[in-house]
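Peer 1:
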Amino acid sequence: MSLTKAERTVITSMWGKIATQADVIGTEALERLFASYPQTKTYFPHFDLHPGSAQLRAHGSKVVAAVGDAVKSIDNIAGALSKLSELHAYILRVDPVNFKLLSHCLLVTVASHFPADFTAEAHAAWDKFLSIVSSVLTEKYR
105 MSLTKAERTV
115 ITSMWGKIAT
125 QADVIGTEAL
135 ERLFASYPQT
145 KTYFPHFDLH
155 PGSAQLRAHG
165 SKVVAAVGDA
175 VKSIDNIAGA
185 LSKLSELHAY
195 ILRVDPVNFK
205 LLSHCLLVTV
215 ASHFPADFTA
225 EAHAAWDKFL
235 SIVSSVLTEK
245 YR
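Numbers in the numbering used here are just positions in the sequence shown, counted from 1, shifted up by 104.
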């Protein structure tokens, strides 16, 4: 699966807006993940998972920064996220399905923060982009 030129344009142009709220979006996406899919909390036994906690904000920032790395390397997402894929597969041993769950939570969070920009075309482009990111993050599991 690859992105069209139009989809890349949508992703990169929206990223400029998303990046200005990266910490808030990352934190909110994780809060949605843990509220909607409580089984994902098992990977964070050492975290304070209360909404808005410093640890959630810090990890939310890392999540959105990784998405930003993928946007910046939109032509080589696998290369941009290779080390992150290895970390989650070999060291953290995160269940691969969790990347799809987090992608969905990111999609919902972005849509709620930018409703005017989140057209059907933008939704489709971001869904496809995050699917590619999820696939890249799970490729070390194969």
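Using N, Cα and C, we set each Cβ at its ideal position, and we do this for glycine too. All figures in this text were calculated on a predicted structure; none of them were measured in a lab.
Count Cβ pairs between the segment 175-185 and the segment 110-117 that sit closer than 8 Å; are there 3 or more?
Peer 2: Verdict: yes, contact present.
Peer 1: Can you confirm whether the segment 122-138 touches the segment 161-168 when touching is taken to mean that 3 or more C-beta pairs between the two stretches lie within less than 8 Å?
Peer 2: The segment 161-168 vs the segment 122-138: in contact.
Peer 1: State the Cα-Cα distance for the pair A123 and G172, rounded to the nearest angstrom.
Peer 2: Their Cα atoms are separated by approximately 8 Å.
Peer 1: For a quick check, are the C-beta atoms of F138 and T144 less than 8 Å apart?
Peer 2: Result yes, Cβ atoms of F138 and T144 sit closer than 8 Å.
Peer 1: Taking L210 as the reference, give the member of Q125, W119, A220, L134 with the closest Cα.
Peer 2: Comparing Cα positions, the closest option is L134.
Peer 1: For the putative contact between A184 and A174, defined by C-beta atoms under 8 Å, what is the C-beta separation to the nearest angstrom?
Peer 2: Their Cβ separation, rounded to whole angstroms, is 5 Å, which keeps A184 and A174 in contact under 8 Å.
Peer 1: Between which two residues does the alpha helix (DSSP H) carrying H77 extend?
Peer 2: Only positions 105 to 246 of the chain appear in this structure, which leaves residue 77 out of reach.
Peer 1: Starting from D199 and walking both ways along the alpha helix (DSSP H), at which residues does that stretch end?
Peer 2: Premise fails: D199 is in no alpha helix (DSSP H) and is neither H nor E.
Peer 1: Rounded to a whole number of angstroms, what is the C-alpha to C-alpha distance between L241 and L206?
Peer 2: Their backbone Cα atoms lie some 12 Å apart in a straight line.
Peer 1: Taking the C-alpha atoms as reference points, what is the distance between A224 and P155?
Peer 2: Rounded to the nearest angstrom, the two C-alpha atoms are 30 Å apart.
Peer 1: I need the DSSP call for Q143, collapsed to helix, strand or coil.
Peer 2: Reduced to three states, the DSSP call for Q143 is helix.
Peer 1: Just tell me which of P219, F222, A229, F203 has its CA closest to the CA of E243.
Peer 2: Out of P219, F222, A229, F203, F203 has the C-alpha closest to the C-alpha of E243.
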